[in-house]
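**Q**
There are 4 protein chains.
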Amino acid sequence: MNHGYDFPRQIQFANQEEKQEFSKFPTKTGRRSLSRSISQSSTDSYSSAASYTDSSDDETSPREKTQVNSKGSSDFCVKNIKQAEFGRREIEIAEQDMSALISLRKRAQGEKPLAGAKVVGCTHITAQTAVLIETLVALGAQCRWTACNIYSTQNEVAAALAESGVSVFAWKGESEDDFWWCIDRCVNVEGWQANMILDDGGDLTHWVYKKYPSVFKKVRGIVEESVTGVHRLYQLSKAGKLCVPAMNVNDSVTKQKFDNLYCCRESILDGLKRTTDVMFGGKQVVVCGYGEVGKGCCSALKALGAIVCVTEIDPICALQACMDGFKVVKLNEVVRQMDMVITCTGNKNVVTREYLDRMKNGCIVCNMGHSNTEIDVASLRTPELTWERVRSQVDHVIWPDGKRVILLAEGRLLNLSCSTVPSFVLSITATTQALALIELYNAPEGRYKQDVYLLPKKMDEYVASLHLPNFDAHLTELSDEQAKYMGLNKNGPFKPNYYRY
Amino acid sequence: MNHGYDFPRQIQFANQEEKQEFSKFPTKTGRRSLSRSISQSSTDSYSSAASYTDSSDDETSPREKTQVNSKGSSDFCVKNIKQAEFGRREIEIAEQDMSALISLRKRAQGEKPLAGAKVVGCTHITAQTAVLIETLVALGAQCRWTACNIYSTQNEVAAALAESGVSVFAWKGESEDDFWWCIDRCVNVEGWQANMILDDGGDLTHWVYKKYPSVFKKVRGIVEESVTGVHRLYQLSKAGKLCVPAMNVNDSVTKQKFDNLYCCRESILDGLKRTTDVMFGGKQVVVCGYGEVGKGCCSALKALGAIVCVTEIDPICALQACMDGFKVVKLNEVVRQMDMVITCTGNKNVVTREYLDRMKNGCIVCNMGHSNTEIDVASLRTPELTWERVRSQVDHVIWPDGKRVILLAEGRLLNLSCSTVPSFVLSITATTQALALIELYNAPEGRYKQDVYLLPKKMDEYVASLHLPNFDAHLTELSDEQAKYMGLNKNGPFKPNYYRY
Amino acid sequence: MNHGYDFPRQIQFANQEEKQEFSKFPTKTGRRSLSRSISQSSTDSYSSAASYTDSSDDETSPREKTQVNSKGSSDFCVKNIKQAEFGRREIEIAEQDMSALISLRKRAQGEKPLAGAKVVGCTHITAQTAVLIETLVALGAQCRWTACNIYSTQNEVAAALAESGVSVFAWKGESEDDFWWCIDRCVNVEGWQANMILDDGGDLTHWVYKKYPSVFKKVRGIVEESVTGVHRLYQLSKAGKLCVPAMNVNDSVTKQKFDNLYCCRESILDGLKRTTDVMFGGKQVVVCGYGEVGKGCCSALKALGAIVCVTEIDPICALQACMDGFKVVKLNEVVRQMDMVITCTGNKNVVTREYLDRMKNGCIVCNMGHSNTEIDVASLRTPELTWERVRSQVDHVIWPDGKRVILLAEGRLLNLSCSTVPSFVLSITATTQALALIELYNAPEGRYKQDVYLLPKKMDEYVASLHLPNFDAHLTELSDEQAKYMGLNKNGPFKPNYYRY
Amino acid sequence: MNHGYDFPRQIQFANQEEKQEFSKFPTKTGRRSLSRSISQSSTDSYSSAASYTDSSDDETSPREKTQVNSKGSSDFCVKNIKQAEFGRREIEIAEQDMSALISLRKRAQGEKPLAGAKVVGCTHITAQTAVLIETLVALGAQCRWTACNIYSTQNEVAAALAESGVSVFAWKGESEDDFWWCIDRCVNVEGWQANMILDDGGDLTHWVYKKYPSVFKKVRGIVEESVTGVHRLYQLSKAGKLCVPAMNVNDSVTKQKFDNLYCCRESILDGLKRTTDVMFGGKQVVVCGYGEVGKGCCSALKALGAIVCVTEIDPICALQACMDGFKVVKLNEVVRQMDMVITCTGNKNVVTREYLDRMKNGCIVCNMGHSNTEIDVASLRTPELTWERVRSQVDHVIWPDGKRVILLAEGRLLNLSCSTVPSFVLSITATTQALALIELYNAPEGRYKQDVYLLPKKMDEYVASLHLPNFDAHLTELSDEQAKYMGLNKNGPFKPNYYRY
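Line by line, the protein sequences are chains X, V, A and E.
Residue 4 is where the first sequence starts when you use my numbering, and the numbers rise one by one after that.
Residue 4 is where the second sequence starts when you use my numbering, and the numbers rise one by one after that.
Residue 4 is where the third sequence starts when you use my numbering, and the numbers rise one by one after that.
Residue 4 is where the fourth sequence starts when you use my numbering, and the numbers rise one by one after that.
#1: Under three-state DSSP, which class holds leucine 388 of chain V?
#2: Mind pulling the beta strand (DSSP E) runs of 3 or more residues that sit fully within the region 276-358 of chain X?
#3: What does DSSP give as the partner residue(s) for serine 170 of chain V in the beta ladder?
#4: Using DSSP bridges, identify the partner residues of glycine 124 of chain V.
#5: Check this for me: beta carbons of phenylalanine 283 of chain V and glycine 299 of chain V, under 8 Å apart or not?
#6: Can you tell which of A:Leu481, A:Arg339, A:Val140 has the C-alpha that lies nearest to the C-alpha of glycine 495 of chain A?
#7: Which of helix, strand or coil does DSSP assign to histidine 477 of chain E?
#8: Where are the alpha helix (DSSP H) runs, 4 residues long or more, that stay fully inside the region 402-461 of chain V, in chain order?
#9: Does any residue of chain X bring its CB to less than 8 Å from the CB of glutamine 485 of chain E?
#10: Judging by CA-CA distance, which residue of E:Ser217, E:Leu245, E:Leu164, E:Asn335 is the nearest neighbour of methionine 362 of chain E?
#11: Return the residue from the list E:Gly75, E:Glu88, E:His127, E:Lys115 that minimises the CA-CA distance to alanine 433 of chain E.
#12: Are the beta-carbon atoms belonging to lysine 74 of chain A and glycine 168 of chain A less than 8 Å from one another?
#13: Have a look at E:Arg503, E:Val338, E:Val134, E:Val140 and flag the residue whose alpha-carbon is nearest the alpha-carbon of lysine 115 of chain E.
#14: If you check the beta carbons only, do phenylalanine 172 of chain X and phenylalanine 89 of chain X fall under 8 Å apart?
#15: For arginine 394 of chain A, which three-state DSSP category applies?
#16: I need the DSSP call for valine 140 of chain A, collapsed to helix, strand or coil.
#17: What in chain V is Cβ-close to proline 499 of chain A, meaning under 8 Å?
#18: Starting from arginine 277 of chain A, find everything on chain E with Cβ-Cβ shorter than 9 Å and list it in chain order.
#19: Quick one: residues in its chain with C-beta nearer than 6 Å to the C-beta of threonine 149 of chain A, no 5 flanking neighbours on either side, listed in chain order?
#20: Take the Cβ of alanine 242 of chain E as the centre, count every other Cβ of all protein chains shown within 10 Å, and call the residue buried at 16 or more, exposed below.
#21: Against chain X, with Cβ distances strictly below 8 Å, would methionine 326 of chain A count as a contact?
#22: Taking Cβ-Cβ distances below 9 Å as the criterion, which residues of the region 463-482 of chain A are in contact with chain V?
#23: Rounded C-beta distance between proline 248 of chain A and aspartate 454 of chain A? I'm assuming under 8 Å.
#24: Give the residues of chain A in contact with alanine 309 of chain X, contact being defined as C-beta atoms less than 8 Å apart.
#25: Within the continuous beta strand (DSSP E) that includes isoleucine 367 of chain V, where are the two ends?
#26: Can you give me the start and stop residues for the beta strand (DSSP E) that valine 226 of chain V sits inside?
#27: Here's the rule: buried if 16 or more other CB atoms are within 10 angstroms of the residue's CB, otherwise exposed. What is tryptophan 195 of chain A?
#28: How about glutamate 377 of chain A and threonine 423 of chain A: do their beta carbons lie closer than 8 Å?
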């Protein structure tokens, strides 16, 4: 199959190593899963999908079916429109944990701040993103949507969206050809031209940029959520080719803290328990990397009685680890004694075969950090080692002397593969996306130029404030006198841009 | 065979309420599951069984099959002897986490302290208990074994035991009739008479006591693990009918701490995550009861950022809660604000309909304490409330105004139903059982009378010491001078009986 | 009167070592300070006394002065009756933290449960014990009081008690002769014969026993608070010479937990900060002993970012340390790396010269456990080592190569010497003493025999319940149905005697 | 010399309120202590000075004495040159905790990076700053020094510096006139012209700027540590009058974290204990403000068993408080129940009379945040309230109904007034200052313009790395391959400027 142009591959593979790794994967999986694994925040679908009762009996491709929703529309393509009712219930359950979006609907509904907005979106399609999409609709937008990942679509949810009138093109298990076909169907419509892009990964953005340059030029703004997508936007901007303002919502304070520190604090425990049933008390653990993810992992494991030490390359983070009560070591000093080795560095080959050879029998190895590069899993695929799959996502790698190392998720992200992302964290992300759309769509001429922007701090604060009711948290207001004393506006922003929360 | 006699029922139902509850259950389940739910420590099998690939296609009753193991013996009855190989691997994996038993095999193997012992056992039949049984064999015992629960047998493990020569009578999904038939087959053998009993629940003990009184009188000792079984033994003893020394291993210090404080500290998080994917940070939680289980739950939830308060009836435990940083409240003062209500009291009707009516939308309710009595689930089965099962073990109970309360495991034990028990905790229990058997079998005449005994503190300490190598923990030894100063034997016991660990 | 007899010495020195150590101390200090150091709970006076403005100019012995209080009585002997007003304010401030006693006054005042009681007491004389004494008076008792320690009396408080009518005989800086003279003045009065003894250390009890045997026989009960005193009572009882029921209040659950776990959790930090201003974050600390005191120390230090490991002789406590996240080591494995070495064993020579020689420069060594035996301080008094006192309670011991070890309180108890005991902890103790007096005084004939008793659990619970209002803690009451289900009286006791809190 | 000019006052008083408050203070104290209270990091001297044996008998002003050191120099002015030996020992003890500076001396001594530097400095004069000064000398600098605070000078240390050849002009208890006289003596010297300024508060900088503009213009760089001083520099820069590059070391990452989060985590406990002996367990505490200081206070108090809630104005910080397990409330909702109220906002009038009126008896109120503005202490100086000083820094404010509120340090900073700053924290600051001096002095032409700069991240990392040996922390090094993958230099900097540690 020839999509004619090949630009995304050149951009998407950060370096030669990734490209080589890619080529080892069976073609059926395609490049999507590889590229998406870089985005920690967009990974909820894998595990929660497990609870779905998707009948996989029907092997007909959705592209070959004709389906009509109850209002007579057929401007969508999903697995099975009849699953809409089940999907609707899932959306309703998700709404309960995403009250910030519901409250945004209420606050902004009167004025319809997205009236006239024509949003084309490309994200995971799950109950939680459905709540986002339906919020955009409630605020006045017209939406067309497709999936950013060929595996993560919850078919029932896609059906429910289609039934409610959103033009959605997505199903679980798309081929690469399907993937681009779906994107194209979103953009390429008679009599409808997108003026806003909401993207997660950058594929939609590039499709529009390359295939429909005239549409691209008239877009008012792009909202991008993922590390990869943001990286691609900065590259475009650097190359002077970004003719549209774009908002990097990945690096908002609120989202960062929730995606990394708070979410990983819980998912490290969850992922380890679900895969290994290990008892944490008394276990000796080394956590490689003491950034936000490492801080979250260390805090949780220590709290449950593990004895945790840390490796770091950055002396400031190392000093923080000391002050937080974690011994800072080199991996080679401790690897023989450890019961668990957890990587959170964002780097590659942190755990090499040399270290794996020295681990003790029963040692658990997993990756919480980045892609699938941190543990050198390839080095374990040698003839003298036996791999034994003992559970889904759990392999025993067995040395000739009988030693077993327990490798989780084949070195891919544990939190992506073996635990779930709470709806509350997804609510933070989705609210941030919605606000960024509203901001870009309504910003007066000139506020944003053809560049990549961070979310204004005041909007970051607004996202946070919309989530406080979940905790019955009551904010204090500055008096006039206090605001003056502090030199602050009573409504924020409350901190300088360089403030470290 | 006529099981028509009814003595166990009279003893087993502690009170009228339980009897009534029993009668509501479908007869197929039978009384076993009800009575067993009282024992926290013997519940591992439920969830870990999930990973087994038991082919349930074969509907023939094992009692009607003829099977022979590779050595030509057919003195067993299991689902399918051909599953032995798979079961053997499971046992080997379990052995890795139960090194205390392996080390006991090594230390005691030379002297064969159980040479001549004829042990009849009735426990869950899982990979972990298989490690125990094979340890007893390694120490010189002959063993015949049956299951204490009609659902919990891991068929592959039973097959592996049968293949290795243990006379095991057990399969998953026995009828009540099967259950007693299996027990009888263990005891009633030509030319073999049990002289030790290892029981979990007391059914085997009672069967021998009632049906084979002459065997019972010649037994050297009984080792009983469960709360229920211990209760029945104390009653027998009180009634002057216990003609055999019995060891209550349920109340050993080590086992208690691990079953309650340390295990629940982890399983509360695990059980909640697996069922609800809830985020703990910022959640308002009330824990009813601040005993060991409550202490474990509170400590874990607080550590992950929940805001926890406690209810208590005992002022000493209440004061401990205060000093540990938990507000002590009455349930009615806080129930409207809570995101989760967790019971750990051992009491009944702690959460009544009155409280359930006042909970907020989305409140999670679960039981970590005792049986299924703490939450008045029966009160929720009224016409105006709708039950919606959203996942296995998770029901939404919906009020007329749309409010949903999320009830886990229908009010049964969360840790039993929705999380696993780590092998390490089971190792503590199994080692305690093995040592108790050795002690009773080898005790000189007169050390134990016809009564129920707690494990001697020195053996409790020995169980602990066998598990220290798992943590690479190095014990300090008293010098002669120090031992004299403290008035202690250098080998323990180190504490008086009334010491509060 | 002849103070020449020596019976207390024979009893008080537990063994030969203590006796030898005693003889090294200057005679001026006398044996009192040595013997008292064993009792952790009775040591508040040292540091809090520091805030007093005692004019030490007046060198006249109180025994040679004639003083009269405002009501014309001179049946007392204190430093200076004119200090009464200052002392009264101190007592009033203490009352604010001891609301349990005030509430006891209110609850029991109507019925005067101590009407007719003639209590002779020997305790530290501080604002807090004054609140106790005045509570006894409010409940109907007549009291005569003396000090159990020659240094700890707060003169102003003694004056206030004398002014209010209590016959108190005590001042700061008594000689040993003064000490016994004061005790005798309490007991030996025309027309007044004690019928209750409240003792802290056992000296008063022994004086009465030896000097006034006829009084001793008619005493209704003895309440003893200290480890030493309790030990002496058990010896008397064992020897068949205890003709009076005695209550061991030292080992009540509530008092034990507060004196050890909760109090040490705070005093370890306080003692270290006040003496050394050390920063805890990142410090490597070994805590010797993981009993209640060790648990408190470890918990606090870990919480503030120290990296803590533990030594233990008892495998059960060692296993607890593991599960709580502390590596269990031998001292010789880690001593070179440590920043602090803290002893909490109750043993002797835990830190020997051998270990001190291997400590690194700047290592802090202190004792939280027992007496002054845990660190072998004597071994440091050798010619090649230089001692440099850098602050009160802080010595630098300097090795020939310049290495400095920082020794706190010369190896005596840090919490006794360098931190304070909160009034709240003293309130627990005082309330326990008051209730024990009431119980013994009012017990029906035959409830208590000539033996040493632990406080009944129900009264232990009552002490706890009287302190709950301090925390605004609300206890839940059992319903009738629940009490029946649990087999409990609704008013307690709620736990069996062997319960481990 | 005319001290009559008033420029510093115009700059230093941020607003009219401060000016008014100032006028209430006795003139002897002068404006210095007021202005200095704003700088948290420079406050060590107060409490540690307590251990000094300063003979205050000699009332002669140092300005009127003639003193000569052992080398014959008299180019200094201190209280008493004979105290030099005592001061030298203090410096040696401080060196033990400041090994980063010692190691800097070693690493840089060969190349003398400050050869030719003529540094005029104005800081607190304590053992710790003496270590800094002597490090600068060891690196090649010539130093003249004066005190930034009229009270904080440790006379013995000043003597030791003078004895060793540093021209120091400072003593404890200077008048305002003395203060400026000392500064002038540092700057105004025949044949010596400063080319570097190290300042703490900005007074020295302004003196040079105003009085010696020709010197000012030739200075190569200014290093400023305090909030106040930095504020003044930014104002100068904004006004276009800063003709010299200046380094703001106050806002370096390492210093900020240590001064605020880590230091306050310990000093909140220390300050409260030393003043009130309060028990933390079970206490209800509200912390106003959840910035770094608030985070440190909350974490420590929670760890010791207090029940902590938080007030916030910033929704992002409020959300962090929720996720960390602290209920976010408004002060008026909880103030009646609190045992302690702690301010950490940096704002004014956070605790007003209205709230103070509603506090319960015994409530402790203190300020950890900023200056003396947070608690409206002035509102308590009304006739109906009685003030009773019960200890140094502790006042009971008594309401007509007898209610007592316990006010610490009269609302000034608790950590400044009632606890100490560990040498380790001061070492971080001093090392940062030394490196900033080296950087500015050696920077190639053009690297720094006439502006205020933050410490380059790489130097921030270097400060951290110099302190890692204190914790025996071992940093991991990037491999070439890893550095390339991450796009980092192997020697750092390791993080982008916007990174939030």
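Quick reminder that beta carbons are idealized off the backbone N, C-alpha and C, glycines included.
Source: prediction; values computed, not measured.
**A** On the basis of the data shown:
#1: For the purposes of this step, residue 388 of chain V is taken as residue 385 along the second sequence, with counting starting at 1. Looking at leucine 388 of chain V - three-state DSSP - the assignment turns out to be coil, as it is neither helix nor strand.
#2: Taking only runs of at least 3 residues, the beta strand (DSSP E) segments lying wholly in the region 276-358 of chain X are 287-291, 310-314, 343-346.
#3: The residue you call residue 170 of chain V lines up with position 167 of the second sequence. DSSP output for serine 170 of chain V lists V:Arg147 as bridge partner(s).
#4: Reading the second sequence from its first residue, position 121 is the one you call residue 124 of chain V. In DSSP, glycine 124 of chain V forms a bridge with V:Trp148, V:Leu201.
#5: Taking the second sequence and counting its residues from 1, one reaches residue 283 of chain V at position 280. Taking the second sequence and counting its residues from 1, one reaches residue 299 of chain V at position 296. For phenylalanine 283 of chain V and glycine 299 of chain V, no; Cβs fall outside 8 Å.
#6: Within the third sequence, the letter at position 492 stands for residue 495 of chain A. Per the Cα distances, A:Leu481.
#7: Here residue 477 of chain E refers to the residue found at position 474 of the fourth sequence. When DSSP states are grouped into helix, strand and coil, histidine 477 of chain E belongs to the coil group.
#8: Complete alpha helix (DSSP H) runs here, min 4: 417-421, 426-445.
#9: Locating residue 485 of chain E in the fourth sequence gives position 482, where the first residue counts as 1. Judged by the 8 Å Cβ criterion, glutamine 485 of chain E is in contact with chain X.
#10: Here residue 362 of chain E is taken as the residue at index 359 of the fourth sequence, counted from 1. Nearest C-alpha to methionine 362 of chain E: E:Asn335.
#11: In the fourth sequence, the residue the question calls residue 433 of chain E occupies position 430. It is E:His127.
#12: As a first step, residue 74 of chain A must be located in the third sequence, where it is residue number 71. As a first step, residue 168 of chain A must be located in the third sequence, where it is residue number 165. Contact flag set, yes.
#13: Reading the fourth sequence from its first residue, position 112 is the one you call residue 115 of chain E. Checking every option, the nearest Cα to that of lysine 115 of chain E belongs to E:Val140.
#14: Taking the first sequence and counting its residues from 1, the one referred to as residue 172 of chain X is at position 169. Taking the first sequence and counting its residues from 1, the one referred to as residue 89 of chain X is at position 86. One thing to note: phenylalanine 172 of chain X has its Cβ no nearer than 8 Å to the Cβ of phenylalanine 89 of chain X.
#15: Translated into the one-based positions of the third sequence, residue 394 of chain A becomes position 391. In the structure shown, arginine 394 of chain A sits in a strand (DSSP, three-state: E or B).
#16: Taking the third sequence and counting its residues from 1, one reaches residue 140 of chain A at position 137. Note: valine 140 of chain A maps to helix in three-state DSSP.
#17: Numbered from its first residue, the third sequence carries residue 499 of chain A at position 496. Neighbours of proline 499 of chain A in chain V, taken as residues at a C-beta separation under 8 Å, are lacking, since the least C-beta distance is about 10 Å.
#18: Here the question's residue 277 of chain A lines up with position 274 in the third sequence. Within chain E, Asp273, Lys276, Arg277 have C-beta atoms less than 9 Å from the C-beta of arginine 277 of chain A, given in sequence order.
#19: Working through the third sequence from its first residue, we reach residue 149 of chain A at position 146. Here threonine 149 of chain A has Cys125, Phe172, Ala173, Cys185, Ile186, Cys189 as same chain residues with Cβ atoms under 6 Å from its own Cβ, once five neighbours each way along the sequence are excluded.
#20: Walking along the fourth sequence from the start, residue 242 of chain E turns up at place 239. Classification for alanine 242 of chain E: exposed.
#21: Numbered from 1 along the third sequence, position 323 holds the residue referred to as residue 326 of chain A. Using a Cβ-Cβ cut-off of 8 Å, methionine 326 of chain A counts as an interface residue toward chain X, since at least one Cβ of chain X sits closer than that to its own.
#22: Listed in sequence order: Asp463, Glu464, Tyr465, Val466, Ala467, Ser468, Leu469, His470, Leu471, Asn473, Phe474, Asp475, Ala476, His477, Leu478, Thr479, Glu480, Leu481, Ser482.
#23: If you number the third sequence from 1, residue 248 of chain A lands on position 245. If you number the third sequence from 1, residue 454 of chain A lands on position 451. Contact between proline 248 of chain A and aspartate 454 of chain A holds, since their C-beta atoms are separated by about 6 Å, short of 8 Å.
#24: Walking along the first sequence from the start, residue 309 of chain X turns up at place 306. Residues of chain A passing the Cβ test: Gly328.
#25: Residue mapping note: residue 367 of chain V aligns to position 364 of the second sequence, counting from 1. Counting along the chain, isoleucine 367 of chain V sits inside the beta strand (DSSP E) bounded by residues 367-370.
#26: Taking the first residue of the second sequence as position 1, residue 226 of chain V is located at position 223. Here the beta strand (DSSP E) through valine 226 of chain V covers 224-227.
#27: Residue mapping note: residue 195 of chain A aligns to position 192 of the third sequence, counting from 1. So tryptophan 195 of chain A ends up on the exposed side.
#28: For the purposes of this step, residue 377 of chain A is taken as the residue at position 374 of the third sequence. For the purposes of this step, residue 423 of chain A is taken as the residue at position 420 of the third sequence. No, these two residues do not count as a Cβ contact at 8 Å.
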